[in-house]
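In order, the protein sequences belong to chains C and U.
The first sequence begins at 38 in the working numbering and counts up by one.
The second sequence begins at 172 in the working numbering and counts up by one.
C-beta: ideal position from N, C-alpha, C; glycine also.
Please read these numbers as outputs of a predicted model, since none were measured by experiment.
The next block holds one structure in the form of structure tokens; read it before the comments.
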Amino acid sequence: MIKVIQRIYATLRAELKVFIRAKIRMIASTLTTALWGTLFILPMILFFKASDIPVALAYAVIAFTMFYLLSTASWTGFNLRRRIMEGILENQLLHGLTLPELTLSNLIIGLIYQILGLLVFIVSIVLVVGIPQFNLGNILAVLTGVIGLFILMWGHAGIVGASTLIAGTSGVIVELSSWIIPLASGMIAPLKGMPEMLRAVALATPFPYPCEAIRYGLLGVEPLLPLDTTLALSVIAPLIYASISYILLTYTYIRIKRRGITTPALR
Amino acid sequence: MKPRYIDIVIAEFKCFFTEFIRRKSLIIALILYPYILTALILFIGTIFGSPRYFREKIPADPLLFFLSSSLTLLVSLVMLDDIGARFIWEEQLGTLSYLMLMPASMTKFILASPIPRLVLTLGWVMLTLAPTAIYVKGVETGIAIIIVSSIAALGALSLMGFALIIGGLLILSKGEWAIYWIIRPLILFLSGVLYPVALMPLWLKVLSMTMPISYAVEASRMLIAYDNPEIKLILLNIGLILVLSILYTPIGLKTYKYLELKVKRVGGLK
Numbered sequence: 038m039i040k041v042i043q044r045i046y047a048t049l050r051a052e053l054k055v056f057i058r059a060k061i062r063m064i065a066s067t068l069t070t071a072l073w074g075t076l077f078i079l080p081m082i083l084f085f086k087a088s089d090i091p092v093a094l095a096y097a098v099i100a101f102t103m104f105y106l107l108s109t110a111s112w113t114g115f116n117l118r119r120r121i122m123e124g125i126l127e128n129q130l131l132h133g134l135t136l137p138e139l140t141l142s143n144l145i146i147g148l149i150y151q152i153l154g155l156l157v158f159i160v161s162i163v164l165v166v167g168i169p170q171f172n173l174g175n176i177l178a179v180l181t182g183v184i185g186l187f188i189l190m191w192g193h194a195g196i197v198g199a200s201t202l203i204a205g206t207s208g209v210i211v212e213l214s215s216w217i218i219p220l221a222s223g224m225i226a227p228l229k230g231m232p233e234m235l236r237a238v239a240l241a242t243p244f245p246y247p248c249e250a251i252r253y254g255l256l257g258v259e260p261l262l263p264l265d266t267t268l269a270l271s272v273i274a275p276l277i278y279a280s281i282s283y284i285l286l287t288y289t290y291i292r293i294k295r296r297g298i299t300t301p302a303l304r
Numbered sequence: 172m173k174p175r176y177i178d179i180v181i182a183e184f185k186c187f188f189t190e191f192i193r194r195k196s197l198i199i200a201l202i203l204y205p206y207i208l209t210a211l212i213l214f215i216g217t218i219f220g221s222p223r224y225f226r227e228k229i230p231a232d233p234l235l236f237f238l239s240s241s242l243t244l245l246v247s248l249v250m251l252d253d254i255g256a257r258f259i260w261e262e263q264l265g266t267l268s269y270l271m272l273m274p275a276s277m278t279k280f281i282l283a284s285p286i287p288r289l290v291l292t293l294g295w296v297m298l299t300l301a302p303t304a305i306y307v308k309g310v311e312t313g314i315a316i317i318i319v320s321s322i323a324a325l326g327a328l329s330l331m332g333f334a335l336i337i338g339g340l341l342i343l344s345k346g347e348w349a350i351y352w353i354i355r356p357l358i359l360f361l362s363g364v365l366y367p368v369a370l371m372p373l374w375l376k377v378l379s380m381t382m383p384i385s386y387a388v389e390a391s392r393m394l395i396a397y398d399n400p401e402i403k404l405i406l407l408n409i410g411l412i413l414v415l416s417i418l419y420t421p422i423g424l425k426t427y428k429y430l431e432l433k434v435k436r437v438g439g440l441k
């Protein structure tokens, strides 16, 4: 276990050095997040009356954060292919780093970029439109939701990463899934407000539970299931998803060690 | 003998469609993108808010409003990606030096490269918008769709000069992708692709007036989505697209030609 932590720490330290050195990239990444966020949130507030806009902004900020986090997880997994193209992945694996560890350290770096981006995004929303009005009611729900969401993100990054390494998933498919999953799984909208058929689909996935917990804690939106069940599922469902991801990543890792990288089409 | 512009366009067509047919996921993406974007905005907007408030602010059908916006977004991205980012993309692939050795001028080549994707996207604009518009507003919108596609084409062509200037800026930055990442959403934001310029603060309105695509967005929206479009305003917007094209294209061409020579002298972007 200590060796695992040491390996993750060493990878994180190396990645953080690159992160800090690439100043232009860091600034650009945060500004880009802020701009795309503003671009998508502004049309949504057209559906609200003027007096409701602060509340609408809070909803939209949470929705965009979920959307962006899932996108970060998808691209963290998919970017393993870039490491193959750059000839880094083989070296990292030969030095003893496993795929689950690599996914975790890459996800943490991706999240640092995203958190910076989201902060700039919220500042720009405040400057252009106004201050979002949150309704902080339940810190336990927020904390449970955040923990569940992080496990979920790791699980998702792992599944996308493993399928990229095994089957050579196309970037277009990854991007489309980053749009469709949040839309159909209740990540960006409360389950209560969703059409019944879509709600049934969403409940069968691990995605909505941590989001429902966070929405309850930060916005006061009542979850579809009883609160206790929602809180329990917001950790259990992501844990199951992450376990599947772990099995897939371990299988991929063993496969790579035996046969080398066999991805048919890296595009 | 130096190849003519039309020869390069034909070569680009062959190259683009071979790649397009090979990459089936790209076809799926092209079909789904405008609908997914529209669905995302409408989904959140209608679940949290109400279309009634939308209509109070903008006298237009929200579905057609965002569908036409998404399609204009696609057309604008064609120009920005294929002209603005072509140099740095080729450098990343390692093919820039081969392109620089071509007998044809790089500017000619760059201006030919978006044509196939533009033709395909415009065809898609008509195919996508037609059934939805006819369903929402009736059969008489058929002509409006053809006009909207022409306006989108004009808007895209007006963006050529602007995209050349962006390409020049990227060359000056020595091929820094990070700058392009910022420029791309910034232009879309300022063009009012997803949020009407009329509702923006004054300082953003002023900046938006310098973007040729913002007039194309406005004109096509008025025509297809608004309840009672004013022909005078549509014509005024088309006129402004032409004025900005006349202004930007020569500046873009000059900037690009100058920087192309510079790149050829140095042998690359860095």
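Next item on the list: Please look up how many angstroms separate the CB atoms of residue 75 (chain C) and residue 360 (chain U), rounded, as I've assumed it's under 8 angstroms.
Entry: At roughly 6 angstroms, the Cβ-Cβ gap stays under 8 angstroms, so residue 75 (chain C) and residue 360 (chain U) are in contact.
Margin query: Taking only three categories from DSSP, how would you classify residue 366 (chain U)?
Written below: Looking at residue 366 (chain U) - three-state DSSP - the assignment turns out to be coil, as it is neither helix nor strand.
Notebook entry, point to check: Cβ of residue 280 (chain C) less than 9 angstroms from any chain U Cβ?
Noted result: Put simply, the CB of residue 280 (chain C) is far from chain U, with every gap to its CB atoms at 9 angstroms or more.
Next item on the list: Give me the Cα-Cα distance between residue 356 (chain U) and residue 72 (chain C), rounded to the nearest whole angstrom.
Entry: Near 6 angstroms, if we compare the C-alpha coordinates of residue 72 (chain C) and residue 356 (chain U).
Item checked: chain C contact for residue 355 (chain U) (CB, 9 angstroms cutoff) -> Output row for residue 355 (chain U): interface = yes.
Item checked: Where residue 120 (chain C) meets chain U, residues with beta-carbon distance less than 9 angstroms -> Neighbourhood of residue 120 (chain C) in chain U, by CB distance below 9 angstroms: empty, with the nearest CB roughly 16 angstroms away.
Check: To which residues of the same chain is residue 307 (chain C) closer than 7 angstroms at the C-beta, ignoring the five residues directly before and after it?
Finding: No statement about residue 307 (chain C) is possible, as the shown extent of chain C runs from 38 to 304 and does not include it.
Margin query: So with CB distances below 9 angstroms, who are the chain U contacts of residue 203 (chain C)?
Written below: Chain U residues near residue 203 (chain C): none, gap ~17 angstroms exceeds 9 angstroms.
Notebook entry, point to check: Taking the alpha-carbon positions, what's the residue 353 (chain U) to residue 253 (chain U) distance?
Noted result: Distance from the CA atom of residue 353 (chain U) to the CA atom of residue 253 (chain U), rounded to whole angstroms, is 16 angstroms.
Next item on the list: Using a Cβ cut-off of 8 angstroms, pull out every chain U residue sitting near residue 73 (chain C), in sequence order please.
Entry: Near residue 73 (chain C) (Cβ distances below 8 angstroms), the residues of chain U are 356.
Margin query: How far does the alpha helix (DSSP H) with residue 125 (chain C) in it extend, from its first residue to its last?
Written below: No alpha helix (DSSP H) contains residue 125 (chain C), which DSSP labels as neither H nor E.
Next item on the list: Determine the extent of the alpha helix (DSSP H) in which residue 50 (chain C) is found, giving its start and end residues.
Entry: 39 to 58 is the span of the alpha helix (DSSP H), which, as asked, contains residue 50 (chain C).
Margin query: Give me the residue from C:219, C:272, C:295 and C:128 with the minimum Cα distance to residue 103 (chain C).
Written below: If we check each option's Cα against that of residue 103 (chain C), C:219 comes out closest.
Margin query: Could you check whether residue 197 (chain C) and residue 183 (chain C) sit closer than 9 angstroms to each other, using their CB atoms as the reference points?
Written below: Cβ atoms of residue 183 (chain C) and residue 197 (chain C): not closer than 9 angstroms.
Item checked: Of the residues C:140, C:110 and C:121, the one placed nearest residue 48 (chain C), counting alpha carbons only -> Looking at the Cα atoms, C:140 is the closest of the given residues.
Margin query: If we define contact as Cβ-Cβ less than 9 angstroms, is residue 239 (chain U) a contact residue for chain C?
Written below: Not closer than 9 angstroms to any Cβ of chain C, the Cβ of residue 239 (chain U) fails to qualify, so no.
Item checked: Residue nearest to residue 318 (chain U) in terms of C-alpha spacing, selected from U:417, U:217 and U:392 -> Closest in C-alpha terms to residue 318 (chain U), from the list U:417, U:217 and U:392, comes U:392.
Item checked: For residue 235 (chain U), the nearest candidate out of U:384, U:279 and U:299 (CA to CA) -> That would be U:299, whose Cα lies nearest to the Cα of residue 235 (chain U).
Check: Can you list the alpha helix (DSSP H) stretches of 4 or more residues lying completely in the stretch 195 to 238 of chain U, in chain order?
Finding: Runs found: 195 to 219 and 222 to 228.
Notebook entry, point to check: Should residue 190 (chain C) and residue 117 (chain C) be called a contact, given that it needs their Cβ atoms to be closer than 9 angstroms?
Noted result: In this structure, residue 190 (chain C) lies away from residue 117 (chain C), with their beta-carbon atoms at least 9 angstroms apart.
Notebook entry, point to check: Would you say residue 192 (chain C) and residue 245 (chain C) are within 9 angstroms of each other, going by their C-beta atoms?
Noted result: In this structure, residue 245 (chain C) does not lie closer than 9 angstroms to residue 192 (chain C) by Cβ.
Item checked: With 16 other Cβ atoms within 10 Å as the buried cut-off, status of residue 151 (chain C) -> Buried.
Next item on the list: Enumerate in chain order the residues of its own chain whose CB-to-CB distance from residue 279 (chain U) is below 7 angstroms, with the five nearest sequence positions on each side excluded.
Entry: Answer for residue 279 (chain U): 176 and 179, listed in chain order.
Notebook entry, point to check: Taking Cβ to Cβ, would you say residue 294 (chain C) is nearer than 9 angstroms to residue 173 (chain C)?
Noted result: Contact flag unset, no.
Next item on the list: For my contact list, residue 200 (chain C) and residue 108 (chain C) are in at a C-beta cut-off of 8 angstroms; report their separation, rounded to the angstrom.
Entry: A Cβ-Cβ distance of about 16 angstroms is found for the pair residue 200 (chain C) and residue 108 (chain C), leaving them out of contact under the 8 angstroms criterion.
Check: Using a beta-carbon distance below 9 angstroms, is residue 431 (chain U) in contact with chain C?
Finding: No Cβ of chain C is located within less than 9 angstroms of the beta carbon of residue 431 (chain U).
Check: Of all the CB atoms in chain U, is at least one closer than 9 angstroms to the CB of residue 68 (chain C)?
Finding: Under the Cβ criterion of 9 angstroms, residue 68 (chain C) is counted among the residues facing chain U.
Next item on the list: In angstroms with no decimal places, state the Cα-to-Cα distance between residue 426 (chain U) and residue 86 (chain C).
Entry: Answer to the nearest angstrom: the Cα atoms are 46 angstroms apart.
Next item on the list: Within the same chain, show all residues whose beta-carbon is closer than 6 angstroms to that of residue 301 (chain U), passing over the 5 residues directly before and after it, in chain order.
Entry: Around residue 301 (chain U): 316.
Margin query: Let me make sure I understand the geometry here. Which of C:217, C:154, C:164 and C:251 has the alpha-carbon closest to that of residue 209 (chain U)?
Written below: For residue 209 (chain U), the nearest C-alpha among the options comes from C:217.
Margin query: For residue 364 (chain U) and residue 244 (chain U), which I take to be in contact (beta-carbon distance under 8 angstroms), what is that distance rounded to the nearest angstrom?
Written below: Cβ atoms of residue 364 (chain U) and residue 244 (chain U) come within 8 angstroms of each other, at about 5 angstroms.
Next item on the list: Give me the Cα-Cα distance between residue 239 (chain C) and residue 100 (chain C), rounded to the nearest whole angstrom.
Entry: Between residue 239 (chain C) and residue 100 (chain C), the alpha-carbon positions lie close to 15 angstroms from each other.
Next item on the list: Spell out whether any CB of chain C is found under 9 angstroms from the CB atom of residue 191 (chain U).
Entry: At a cut-off of 9 angstroms, the C-beta of residue 191 (chain U) has no neighbouring C-beta in chain C.
Check: At a CB-CB cut-off below 7 angstroms, which residues of chain C make contact with residue 359 (chain U)?
Finding: Correct list: 76.
Next item on the list: Evaluate residue 57 (chain C) with the Cβ neighbour count: other Cβ atoms within 10 Å of its Cβ, from every protein chain shown; 16 or more gives buried, anything less gives exposed.
Entry: That one is exposed.
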